[in-house]
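As given, the protein sequences belong to chains A and B, one line each in that order.
Okay, so the first sequence: first residue is 1 according to my numbering, each after it adds one.
Okay, so the second sequence: first residue is 1 according to my numbering, each after it adds one.
All residues carry an ideal CB built from backbone N, CA and C; glycine is no exception.
Small disclaimer: the values here were computed from a predicted structure and weren't measured.
I have placed the structure first, in the form of structure tokens, so that the comments after it can refer back to it.
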Amino acid sequence: MREELRRGLRRAGHTCRVLFRMTVPTFIVMDLLRRLGVIAAVGAACAPAMALFRLPGEAAIAVLLGYLVNLYTATAALGSLGLSGGQVTTLGLMLGLAHTLVVETIVLREVRARFWRLLLYRLGMSILAGLVASRIFIAAGP
Amino acid sequence: MTAGAAPVAVAIELLIREIFGAALAGAWFSLKIAAILVPAVVLYELLAPRPIFKRWGAWLGPRLSWLGMSPPCTLPLAAGLFLGLTYGAGIIIPISEERGLDAEEIQSVGLFLVNCHAVIEDTLLFALIGARGPGEIVARMALLAGLRLALAIGVTAGRVRLRASRTA
């Protein structure tokens with residue numbers, strides 16, 4: 001019982017350290033980029049693509065961070081965009097299916113799975129799920 | 001002090017305030033997640049060795065053939081589902097050497113887990129954004145976890161059927 005408790009606390013502590021280490025710098029960088037107008041520029045450039053998912057252009061940054069880095073940085077980047085519950089659910093499904101792709105694909109290669117297929121599947125299913133979920137959870141824009 | 005130094009000092013002070021404010025917001029965001037994550041992970045570790053979960057695993061084992069897996073896959077599947085893909089993969093290597101899992105089984109476990117892993121952590125991160133209360137957090141977590149689990153089962157079972165129909 002005590003051993004399990006200790007192991008649980010150790011695991012939770014490790015996760016919290018990762019969480020803080022990822023989230024605090026992401027908040028700082030995102031805040032500075034927003035002040036400099038970079039977020040708005042990227043948002044404008046990505047708006048047409050993100051409109052397919054009924055999401056604002058700025059959400060593209062969170063999607064890319066999630067795909068390439070991890071979910072902590074992605075959700076930290078989303079925190080300030082003021083998204084609706086349906087938009088968060090759609091992004092949660094898209095990024096839940098495909099995230100941390102570099103590291104996790106290396107892990108799948110290590111266990112000798114056919115990792116290229118799994119990678120392509122994840123990206124395809126993430127986009128497909130985003131298209132479907134946005135039609136269900138997000139009301140059509142103006 | 002020269003005339004140009006004052007505006008620079010003001011700019012630096014503004015920058016430091018900006019960074020400090022953002023860091024505080026980030027720390028607060030992390031704390032909110034940690035407040036739920038820590039008890040959830042501890043609870044999982046306390047409950048996982050209970051006999052009811054062993055019985056559950058014993059029940060599940062033979063039924064995994066439906067997903068193209070044999071009973072030894074139960075452990076990596078459960079570890080991946082709750083703790084994360086890396087944990088599931090870490091466990092599958094020794095099991096595969098010990099019990100001789102074939103490539104198709106490993107692909108089935110991989111396909112299942114890329115759809116659905118670390119269901120507590122991953123869904124919690126999104127459930128907390130803009131949620132207005134515990135009810136909304138729980139509902140969103142259940143929705144995200146449920147959809148991913150359904151997809152994992154559907155796609156993995158579908159792949160097994162497809163391969164069976166091709167070889168038949």
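Exercise for the section: Reducing DSSP to helix, strand and coil, say where Met50 of chain A ends up. Expected result: For the purposes of this step, residue 50 of chain A is taken as the residue at position 50 of the first sequence. Met50 of chain A falls in the helix class under three-state DSSP.
Exercise for the section: Could you confirm whether any beta carbon from chain B is found closer than 8 angstroms to the beta carbon of Ile138 of chain A? Expected result: Here residue 138 of chain A refers to the residue found at position 138 of the first sequence. No - not a single Cβ of chain B is within 8 angstroms of the one on Ile138 of chain A.
Handout entry: Run of the alpha helix (DSSP H) containing Gly79 of chain A, from where it starts to where it stops
Key = Against the first sequence, residue 79 of chain A aligns to sequence position 79. Looking at the DSSP string, Gly79 of chain A is not in any alpha helix (DSSP H), and its letter there is neither H nor E.
Exercise for the section: Return the CA-CA distance between Gly130 of chain A and Leu101 of chain A, expressed in angstroms with no decimal places. Expected result: What you label residue 130 of chain A is simply residue 130 of the first sequence in a count that begins at 1. What you label residue 101 of chain A is simply residue 101 of the first sequence in a count that begins at 1. Distance between the alpha carbons of Gly130 of chain A and Leu101 of chain A is about 17 angstroms.
Practice task
Name the residue from A:Ala40, A:Arg34, A:Leu33, A:Cys16 whose alpha carbon lies nearest to the alpha carbon of Ala27 of chain B.
Solution key: Within the second sequence, residue 27 of chain B is the residue found at index 27, counting from 1. Taking only the C-alpha atoms, the option nearest Ala27 of chain B is A:Cys16.
Handout entry: Met69 of chain B vs Ser96 of chain B beta-carbon contact at 8 angstroms
Key = In the second sequence, residue 69 of chain B corresponds to position 69, counting from 1. In the second sequence, residue 96 of chain B corresponds to position 96, counting from 1. Result no, Cβ atoms of Met69 of chain B and Ser96 of chain B do not sit closer than 8 angstroms.
Practice task
Report the residues of the stretch 55 to 67 of chain A with a CB closer than 8 angstroms to any CB of chain B, ordered along the chain.
Solution key: none
Practice task
Can you give me the start and stop residues for the alpha helix (DSSP H) that Pro94 of chain B sits inside?
Solution key: Locating residue 94 of chain B in the second sequence gives position 94, where the first residue counts as 1. First-last of the alpha helix (DSSP H) with Pro94 of chain B: 85 to 99.
Handout entry: Beta carbon of Ala145 of chain B nearer than 8 angstroms to that of Thr123 of chain B
Key = Here the question's residue 145 of chain B lines up with position 145 in the second sequence. Here the question's residue 123 of chain B lines up with position 123 in the second sequence. Closer than 8 angstroms, so yes.
Exercise for the section: Keeping to the same chain, check which residues put their C-beta closer than 7 angstroms to that of Asn70 of chain A; ignore five residues upstream and five downstream. Expected result: Position 70 of the first sequence holds residue 70 of chain A. The answer, listed in chain order, is Met22, His99, Thr100.
Practice task
Mind listing the chain B neighbours of Gly37 of chain A? Cutoff is C-beta to C-beta under 7 angstroms, in chain order.
Solution key: Looking up residue 37 of chain A in the first sequence gives position 37. Residues of chain B whose Cβ lies closer than 7 angstroms to the Cβ of Gly37 of chain A do not exist, since the nearest Cβ in that chain is about 14 angstroms away.
Problem - Test item: CB-CB of Val107 of chain A and Leu85 of chain B under 8 angstroms - result: Residue mapping note: residue 107 of chain A aligns to position 107 of the first sequence, counting from 1. Residue mapping note: residue 85 of chain B aligns to position 85 of the second sequence, counting from 1. Against a cut-off of 8 angstroms, the Cβ pair of Leu85 of chain B and Val107 of chain A comes out as a contact.
Problem - Under the three-state DSSP convention, the category Leu55 of chain A falls into - result: Counting from 1 along the first sequence, the entry for residue 55 of chain A is found at position 55. Three-state DSSP puts Leu55 of chain A in coil, outside helix and strand.
Handout entry: C-beta contact flag for Ala74 of chain A and Ala62 of chain A at 8 angstroms
Key = Within the first sequence, residue 74 of chain A is the residue found at index 74, counting from 1. Within the first sequence, residue 62 of chain A is the residue found at index 62, counting from 1. Yes, these two residues count as a Cβ contact at 8 angstroms.
Exercise for the section: Answer yes or no: do Phe27 of chain A and Phe29 of chain B have a C-beta to C-beta separation smaller than 8 angstroms? Expected result: If you number the first sequence from 1, residue 27 of chain A lands on position 27. If you number the second sequence from 1, residue 29 of chain B lands on position 29. It is a contact, given that the beta carbons lie within the stated cut-off.
Exercise for the section: With 8 angstroms as the threshold, decide whether the Cβ of Arg148 of chain B is near any Cβ in chain A. Expected result: Within the second sequence, numbered from 1, the residue matching residue 148 of chain B stands at position 148. Yes, its Cβ sits closer than 8 angstroms to a Cβ of chain A.
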